[in-house]
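Numbering (the working numbering), first residue to last: 144 to 297.
Okay, so here's the structure we're looking at.
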Amino acid sequence: MNENQPRTAPFSHNEAVVTRLRALLERLRASFSEYLLLLEHEEAAIVNGDIDKLEQHIGIEQRIVAEILALRRVIAPLEAMYTESTDLDVPDIPALRESLDRMHERVRERTARNRALLRDRMTATRLELSELRVPAGRWLSDAADDPSLFDVTG
Numbered sequence: 144m145n146e147n148q149p150r151t152a153p154f155s156h157n158e159a160v161v162t163r164l165r166a167l168l169e170r171l172r173a174s175f176s177e178y179l180l181l182l183e184h185e186e187a188a189i190v191n192g193d194i195d196k197l198e199q200h201i202g203i204e205q206r207i208v209a210e211i212l213a214l215r216r217v218i219a220p221l222e223a224m225y226t227e228s229t230d231l232d233v234p235d236i237p238a239l240r241e242s243l244d245r246m247h248e249r250v251r252e253r254t255a256r257n258r259a260l261l262r263d264r265m266t267a268t269r270l271e272l273s274e275l276r277v278p279a280g281r282w283l284s285d286a287a288d289d290p291s292l293f294d295v296t297g
């Protein structure tokens, strides 16, 4: 059949699998890109100590991670059907898969870096809080040193 002629027969099952798999892999790549961008913003919020932004980013992060997991559950059986089909040789599917693997690794690295930054930030905040605390009994000893604070003579 000539490539320029419109297809009269419906897609074969294998072609449908490839088309659906490609679409889902591209959607997964878009989700990973969105997640990487979010992790960059999250890092800035951690560094700047912007708790409200960080809380907002965590909510968005949970949504993106849930979407990525859902896509992976759908992609897994399609990939199995794709690899079982011996008559399919679509070069962009392995390239998409490799791209996703690289993006996944970048997400893992970025997440680990943000986790370390957040841990350092929490440690610094705890230290600041411990320095602000007044030692136990300090208030009572200050009051006892200055009798004018409590004039009970009436």
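Ideal Cβ placement from N, Cα and C applies to all residues, glycine included.
Distance between R215 and G192, taken at the CA atoms: about 33 Å. The stretch 180-197 and the stretch 159-167 do not touch, with fewer than 3 CB-CB distances between them shorter than 8 Å. Looking at E185, E186, E210, the one whose alpha-carbon comes closest to that of R172 is E210. The stretch 220-228 and the stretch 170-187 do not touch, with fewer than 3 CB-CB distances between them shorter than 8 Å. E169 and L270 have their C-alpha atoms spaced approximately 45 Å apart. In this structure, I207 lies near S174, with their beta-carbon atoms less than 7 Å apart. Assigned with DSSP and collapsed to three states, R215 falls in helix.
By the neighbour-count criterion, in which 16 or more other beta carbons inside 10 Å mark a residue as buried, L272 falls on the exposed side.
In terms of Cβ geometry, V161 and V233 form a close pair [threshold 7 Å]. In this structure, H200 lies away from E177, with their beta-carbon atoms at least 7 Å apart. Between S155 and the set E198, Q205, S228, the nearest pair of CA atoms involves S228.
A distance below 8 Å between beta-carbons, with the five flanking residues on each side excluded, links R253 to the following residues of its chain, in chain order: L179, L182, E183, E186.
For D195, the three-state secondary structure derived from DSSP is helix.
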